[in-house]
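With this note's numbering as the guide, the letters of the sequence shown map in order to residues 1 to 558. Note that beta-carbon positions come from the ideal geometry of N, C-alpha and C, so glycine has one too. Remember, it's a predicted structure, so these values are computed and weren't measured experimentally.
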Amino acid sequence: MGSSGFSWKLNDHPKLPKGKTVAMVVLDGWGEANANQYNCIHIAETPTMDSLKKGAPEKWRLVRAHGKAVGLPTEDDMGNSEVGHNALGAGRIFAQGAKLVDIALETGKIYEGEGFKYIKESFETGTVHLIGLLSDGGVHSRINQLQLLLKGLSERGAKRIRVHILTDGRDVLDGSSVGFVETLESDLSKLREKGIDAQIASGGGRMYVTMDRYENDWEVVKRGWDAQVLGEAPHKFKNAVEAVKKLREIPNTSDQYLPPFVIVDDSGKSVGPIVDGDAVVTINFRADRMVMLAMALEFEKFDKFDRVRFPKIRYAGMLQYDGELKLPNKYLVSPPEIDRTSGEYLVNNGVRTFACSETVKFGHVTFFWNGNRSGCFNPQMEEYVEVPSDSGITFNVKPKMKALEIAEKARDAILSGKFDQVRVNLPNGDMVGHTGDIEATIVACKVADEAVKTILDAIEQVGGIYVVTADHGNAEDMVKRNKKGEPLLDKNGKIQILTSHTLEPVPLAIGGPGLAPGVRFRNDVPTGGLANVAATVMNLHGFEAPSDYETTLIEVVD
């Protein structure tokens, strides 16, 4: 209890008992869409999820998981796992990455912060390097933000600018990289007309160069380092448009997997290695696929690969990518301040918590759930378990991933009687959905459904309650569509596979023998989103949610 009169103590719910074991299951990338041959969830055998939907209509509903419901700027913004888990855990909607950057660029606030002042010290004698994903996907970055930043840099004294591009094809159409590079080249040529030495220096596909995450494969980061910092790559070109067009002709190459290249001058020398005295900005606003590069750029002690050179640079992220590691130390835009998350409240009210996923989503069910905060709130009350993900393969090779292992750990935690909340993330729908492999994604959905059954069976045994939901869509629609919703075909008449997340709502189901009679979903919160789930879960633990939380989705009728 501070001087402000703040207290962690939650009020008891007037009608719902405490002490029931609650399983909180998040299916990653599991949206609700029309049944058709591109809806892997529909095609897959998913008897458990089907039974939840067909069971009691007052215990199953849809919630919004994209756009403004999760703090993103517009309703065209797909949800993602970070903002989804933030909303699920925080119980309130916070302005997120993209939106924070938009506001900072719009108001010019970005140029007044510590981070910008820091990199500005390199403008006079050094080069400013911008590294990041080049597309309008809006998941990790957006090209218009890069364009505004280039304009801002040029107006504020940057004399030499180098852009190190990562092509997308995952959150946008494969092949669209050529257009984005042409757009960027045109902007840079206008800067050159104004006497600023601005050009593209290197590039590569996001999944093969730089943008690995969770320390899955440091080779990916090394390929980027060699091109961006050392100016060395197997492919050398005079210009980036030619580079992308030519490299796309290599068999089995797509935007996501373009090999690294450097741009060279007439004498064959790379035009933009990173050297002492330079400034570097990583332009992505989403953290997960920038953290490893940030470590390589910032950490004095570093043993993940041989950096060859470790230039003395001024480095800032578009945002801070990891609050716990303070990484990077300098950043252009401050993160959303997410405080008083549901997890912290519940632990402070005696709810013993178990959280588990495999490596690729472990951070979501812990760090992002807890408001971008690493570690437990109270190690005596909590246990977080990470199952190592398969590494060195794409997830369609083993679409079962670790779903069954996660479910077994959750089952054991439930049956142990040591925990009041058992929270898991089952990654299959999302991680396999991203590969665009429809057959594998069908297997992924079937296995995720089996994992849900294992957890629900354990809840049945202990007389507990289950809450099953998702963080955003993916596996429910695997084809790109036109404005009318019809599948898009490529020039050969083949369907264009959709590898990205979607704008679809996600299911939310409650039940279990411990659910008090008379509990049902209210019908006066039709636009409910992921942020409403936190208050709902607090109620099921027997507590009222704090007054500023998004409203609960349940009511108790006598």
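In this structure, residue 476 and residue 82 do not form a Cβ contact; the two beta carbons are roughly 20 Å apart against a cut-off of 8 Å.
Taking all protein chains shown into account, residue 368 has 16 or more neighbouring C-beta atoms within 10 Å of its C-beta and is therefore buried. When only Cα atoms are considered, residue 59 and residue 336 end up about 33 Å apart.
Taken in chain order, the unbroken stretches of beta strand (DSSP E) that lie wholly in the region 447–516 and span 3 residues or more are 465–470, 506–511.
Cβ-Cβ distances below 6 Å link residue 208 to 257 in the same chain, with the five nearest sequence neighbours on each side left out; the list follows chain order. Taking C-alpha positions only, residue 553 is separated from residue 136 by approximately 34 Å.
Looking from the CA of residue 69, the closest CA among 526, 538, 262 belongs to 526.
The secondary-structure analysis by DSSP pairs residue 382 across a beta bridge with 353. Residue 214 and residue 79 do not touch by the CB rule: their CB atoms are close to 20 Å apart, not below 8 Å. According to the DSSP secondary-structure assignment, residue 235 is paired through a beta bridge with 261. In the DSSP annotation of this structure, the continuous segment of the alpha helix (DSSP H) that includes residue 225 starts and ends at 218–228.
Contact between residue 451 and residue 488 is ruled out by a C-beta separation of about 33 Å, above the 8 Å threshold. Residue environment: residue 145 is assigned as buried (16 or more neighbouring CB atoms within 10 Å of its CB, all protein chains considered). The way I'd put it, the region 21–35 does touch the region 458–475; three or more beta-carbon pairs between them come closer than 8 Å. Excluding its 5 nearest sequence neighbours in each direction, residue 285 has C-beta neighbours in its own chain below 6 Å: 97, 98, 101, 318, 319, listed in chain order. The way I'd put it, the region 400–417 does touch the region 347–363; three or more beta-carbon pairs between them come closer than 8 Å.
Taken in chain order, the complete alpha helix (DSSP H) segments of 4 residues or longer contained in the region 53–132 are 81–90, 97–107, 114–120. Taking a 10 Å sphere around the C-beta of residue 12, we find fewer than 16 other C-beta atoms and assign the residue as exposed. From the listed residues 518, 384, 241, the smallest Cα separation to residue 558 is found for 518. For residue 421, the enclosing beta strand (DSSP E) begins and ends at 421–426. In the three-state reduction of the DSSP assignment, residue 434 falls in the coil class.
As far as DSSP is concerned, residue 50 takes part in no beta bridge.
For residue 180, the uninterrupted alpha helix (DSSP H) run begins and ends at 177–193, by DSSP. In the structure shown, residue 307 falls within a coil segment according to DSSP collapsed to helix, strand and coil. Within the same chain, Cβ atoms closer than 6 Å to the Cβ of residue 377 are found at 344, 347, the five residues on either side in sequence being excluded. Within the region 313–340, complete beta strand (DSSP E) segments of at least 3 residues are found at 314–319, 331–333, given in chain order.
At a Cβ-Cβ threshold of 8 Å, residue 514 and residue 463 count as neighbours. Nearest in C-alpha terms to residue 123, of all of 106, 131, 148, 152, is 152. Residue range 359–363 is occupied by the alpha helix (DSSP H) that includes residue 362.
Taking the C-beta atoms as reference points, residue 365 is found no nearer than 8 Å to residue 63.
When DSSP states are grouped into helix, strand and coil, residue 266 belongs to the coil group. Annotated as proximal: residue 184 and residue 163, with beta-carbon spacing under 8 Å. Cα atoms of residue 414 and residue 49: separation of roughly 20 Å, rounded to the nearest angstrom. About 47 Å separates the beta carbon of residue 19 from that of residue 485, a gap too long to meet the 8 Å contact definition.
Nearest C-alpha to residue 161 among 239, 230, 149: 149. The region 240–257 and the region 416–426 do not touch, with fewer than three beta-carbon pairs separated by less than 8 Å.
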